[in-house]
Amino acid sequence: MYTLYGSEVSLYTGKIRAYLRFKQLPFKEVLSTIGVYKKIIRPNTGVTFIPVVKTPNGQYLQDTARIIEYLETHNSQRTVIPTGSTQNLVSELFALWSDEWLVIPAMHYRWNKENFPFIYQEFGQVVAPKFPRFIRGYFGKKLAKKFSGFVPILGITAQTIPSIENWYENTVLHHLNRHFAEHDYLLGSRPCVGDFALMGPLYAHLYRDPAPGKLMKRIAPHVVAWVERMNQSNVPLGEFIVGDDIPDTLLPLLQDMFEQQWPVLSDTESKLSEWRKTHSDEQVIPRSIGQHSFHVGGVSEQRAISSFHQYKLQRVLDTFQRLNEDDKERALALLDSVGGKQYIQMSVQDRVAILNNKLVFA
Numbered sequence: 001m002y003t004l005y006g007s008e009v010s011l012y013t014g015k016i017r018a019y020l021r022f023k024q025l026p027f028k029e030v031l032s033t034i035g036v037y038k039k040i041i042r043p044n045t046g047v048t049f050i051p052v053v054k055t056p057n058g059q060y061l062q063d064t065a066r067i068i069e070y071l072e073t074h075n076s077q078r079t080v081i082p083t084g085s086t087q088n089l090v091s092e093l094f095a096l097w098s099d100e101w102l103v104i105p106a107m108h109y110r111w112n113k114e115n116f117p118f119i120y121q122e123f124g125q126v127v128a129p130k131f132p133r134f135i136r137g138y139f140g141k142k143l144a145k146k147f148s149g150f151v152p153i154l155g156i157t158a159q160t161i162p163s164i165e166n167w168y169e170n171t172v173l174h175h176l177n178r179h180f181a182e183h184d185y186l187l188g189s190r191p192c193v194g195d196f197a198l199m200g201p202l203y204a205h206l207y208r209d210p211a212p213g214k215l216m217k218r219i220a221p222h223v224v225a226w227v228e229r230m231n232q233s234n235v236p237l238g239e240f241i242v243g244d245d246i247p248d249t250l251l252p253l254l255q256d257m258f259e260q261q262w263p264v265l266s267d268t269e270s271k272l273s274e275w276r277k278t279h280s281d282e283q284v285i286p287r288s289i290g291q292h293s294f295h296v297g298g299v300s301e302q303r304a305i306s307s308f309h310q311y312k313l314q315r316v317l318d319t320f321q322r323l324n325e326d327d328k329e330r331a332l333a334l335l336d337s338v339g340g341k342q343y344i345q346m347s348v349q350d351r352v353a354i355l356n357n358k359l360v361f362a
C-alpha cells in the first residue's frame with residue numbers, strides 16, 4: 001500500500017493521484033494538514049512541498065517527475081512511457097509545459113476570478129479540518145493570502161492578464177479541445193507522462209475551481225471529458241498511436257511551447273550560470289534567482305527566474321540526447337516544423353541536480 005500525502009486543491013497532487021489510479025497501484029490518500037506537514041512531510045523530505053508518496057518499504061518520494069520515474073522503474077505494468085522515441089520526447093515536452101508553464105493560467109484563474117468562499121474552505125481544510133465551516137473559512141482565507149502572493153511573481157499583472165486569458169482560452173483550450181475530440185489522450189488511447197502532467201493544472205485549478213470550471217465546461221467540453229476520464233479508476237489499458245506518429249492536432253501547441261516557454265527556459269539557463277559565478281559558496285540553489293522578461297500573446301512583463309525550470313529542462317534535453325542518430329533525425333524534422341529544432345539541441349553549461357529534495361549544481 002502506497003500513501004499519497006496531498007490535497008484536492010493542490011495542482012501537483014491531481015497529477016499523481018490520476019497516475020496511481022491508472023497504474024492500479026493500491027494507495028490511501030492522507031490530507032496534508034498543518035499537522036501532517038510538521039510530523040511527516042517536513043521530517044521525512046526536508047521540504048514543505050506536496051504531493052509526497054510513501055512507498056510500501058517506507059521511502060518518502062517528493063517531486064512528481066521523480067515520483068513517476070521511480071514508480072515506473074519499480075512497477076512495469078501499465079507503463080505510461082511511450083516506446084516510440086518521438087512520442088516519448090513529445091510526452092516529455094508536454095510534461096515540461098504543463099508542470100511549469102500552465103501554472104500561469106492556473107494561478108490567474110484561481111486567484112483573480114470569483115472562486116470564493118470555495119477556495120477559503122478548501123484551504124481551511126489544511127489548517128482546521130475538524131472545525132466548523134466558519135472557522136475553516138477564517139483560517140483558509142489567511143493561508144490563501146500567502147498563495148495568492150505568488151501571482152505577480154509569475155508575471156500575472158494587469159498588463160498581462162488580457163493576453164493570458166486570450167492565450168489560455170483561444171490557444172490552450174481551443175487546441176486541446178480539438179485534439180481530445182479525436183483522441184482519448186495526447187498520444188492515443190493510453191495516457192502518457194505528458195497527460196498526467198497536464199492533469200495538474202487542468203484539474204485542481206481550471207476544472208475544479210468554480211469560475212474556470214464553468215468556463216471549461218462552456219468552451220471545451222472535450223477537455224472536460226478528458227479530465228473526467230483521467231480521474232477514473234480501472235480504465236482500459238489502451239495503446240499509443242502506432243508508428244511513433246504525432247497527431248497534427250498537437251502541432252499548434254508544440255509551436256506555442258517553443259514560441260513562449262522555451263525562450264524563457266533558455267534565458268533561465270544563462271541566468272543561472274551567471275548567478276553561480278557570484279554565489280560559488282552557496283550549496284543549495286534558491287527557487288528564485290532574480291527576474292527576467294517573458295511574453296505571452298505579444299505582451300511582455302517581468303517574472304521570477306525559476307531555477308527549478310532548468311532541472312525540468314534538462315530532463316527533456318537528455319531525452320533527446322539519448323536517441324540514436326536515426327531517431328534524432330526524425331525528431332528534428334518534427335521539431336523544425338514547430339520552431340523547436342534549435343532549442344532541443346541547446347547545451348546546459350551548469351547542470352543542476354536534486355540532492356535531499358533540494359536543488360544543487362551537479
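According to the UniProt record's numbering, the residues represented by the sequence shown are 1 to 362, in order.
Every residue gets a Cβ at the ideal spot worked out from N, C-alpha and C, and that includes glycine.
Since the structure is predicted, the reported quantities are computational estimates derived from the model, not experimental observations.
Out of curiosity, what's the CA-to-CA distance linking residue i and residue j?
i           : j      : result
Lys277      : Glu301 : 26 Å
Lys214      : Asp256 : 25 Å
Asp244      : Glu114 : 43 Å
Ala204      : Tyr343 : 30 Å
residue 384 : Ser280 : Look at the range of the chain in this structure, 1 to 362, and you will see that residue 384 is not part of it.
Phe320      : Tyr19  : 24 Å
Phe118      : Arg110 : 10 Å
Val9        : Gln345 : 37 Å
Ile135      : Thr33  : 15 Å
Gly137      : Ile241 : 47 Å
Arg208      : Glu329 : 41 Å
Asp63       : Glu182 : 32 Å
Asn170      : Gly149 : 27 Å
Tyr37       : Gln125 : 13 Å
Glu165      : Phe116 : 19 Å
Leu186      : Gly140 : 36 Å
Ser7        : Gly14  : 8 Å
Suppose the cutoff is 8 Å on Cβ atoms and the five residues either side in sequence are ignored; what does the same chain contact list for residue i look like?
i      : result
Leu251 : Ser337, Val338
Tyr311 : Val352, Ala353, Ile354, Leu359
Glu239 : Gly188, Ser189, Arg190
Lys23  : Leu71, Asn75, Gln77, Arg78, Val80
Pro221 : Asn177
Val224 : Tyr207, Met216, Lys217
Pro129 : Leu31, Thr33, Arg136
If you measure between the beta carbons of residue i and residue j, is that distance less than 8 Å?
i           : j      : result
Ser98       : Gly200 : yes
Phe94       : Leu198 : yes
Ile219      : Ile156 : no
Val360      : Val284 : yes
Glu274      : Leu313 : no
Met216      : Val151 : no
residue 363 : Thr249 : With the chain covering only 1 through 362, there is no way to say anything about residue 363.
Val41       : Thr48  : Correcting the residue type first, residue 41 is Ile in the shown sequence and not Val. Cβ distance < 8 Å, so Ile41 and Thr48 count as in contact.
Ile16       : Ile67  : yes
Asn356      : Gly58  : no
Ala144      : Tyr120 : yes
Leu254      : Val227 : no
Arg133      : Asp184 : no
Gly297      : Ser163 : yes
Val299      : Gln159 : yes
Ser85       : Leu237 : no
Return the residue from the list the options that minimises the CA-CA distance to residue i.
i      : options                        : result
Tyr2   : Asp256, Asp245, Ile246, Pro51  : Pro51
Glu100 : Ala65, Ser148, His179, Gly298  : Ala65
Glu29  : Lys38, Tyr5, Pro43, Pro286     : Tyr5
Arg287 : Pro263, Glu228, Leu154         : Leu154
Asn44  : Leu61, Gly35, Ile34            : Leu61
Ile161 : Phe134, Gln87, Pro129, Asn112  : Asn112
Gln261 : Val193, Leu96, Leu317, Val235  : Leu96
Phe147 : Asn324, Phe123, Asp209         : Phe123
Asn234 : Pro263, Ala181, Leu25          : Leu25
Ser293 : Glu282, Asp267, Leu272         : Asp267
Asp327 : Thr13, Glu69, Leu89, Tyr37     : Leu89
Asp350 : His295, Arg303, Leu323, Leu272 : Leu272
Tyr12  : Leu102, Thr83, Ile164, Leu323  : Leu102
Glu259 : His295, Asn231, Leu173         : His295
Pull the bridge partners of residue i from the DSSP assignment, please.
i      : result
Gln77  : According to DSSP, which records beta bridges pairwise, Gln77 is partnered with nothing at all.
Ser300 : His295
Tyr60  : Lys54
Tyr360 : According to the sequence displayed, residue 360 carries Val and not Tyr. Its beta-bridge partners are Ala353.
Val30  : Tyr5
Ser288 : Ser306
Gly188 : Tyr185, Phe240
Which residues in the same chain as residue i place their Cβ atom closer than 7 Å to its Cβ, once the five residues preceding and following it in sequence are excluded?
i      : result
Lys341 : Leu332, Leu335
Phe27  : Met1, Tyr2, Thr3, Leu4, Leu20
Pro56  : Met1, Tyr2
Among residues of its own chain, excluding the 5 on either side of residue i, which ones have a beta-carbon nearer than 6 Å to its beta-carbon?
i      : result
Gly290 : Ile305
Glu92  : Val316, Thr319
Lys54  : Thr3, Tyr60
Gln232 : none
Ala211 : Lys113, Glu114, Asn115
For the ligand SAM, any of its heavy atoms closer than 7 Å to the Cβ of residue i?
i      : result
Val242 : No copy of the ligand SAM appears in this structure; indeed no ligand is present at all.
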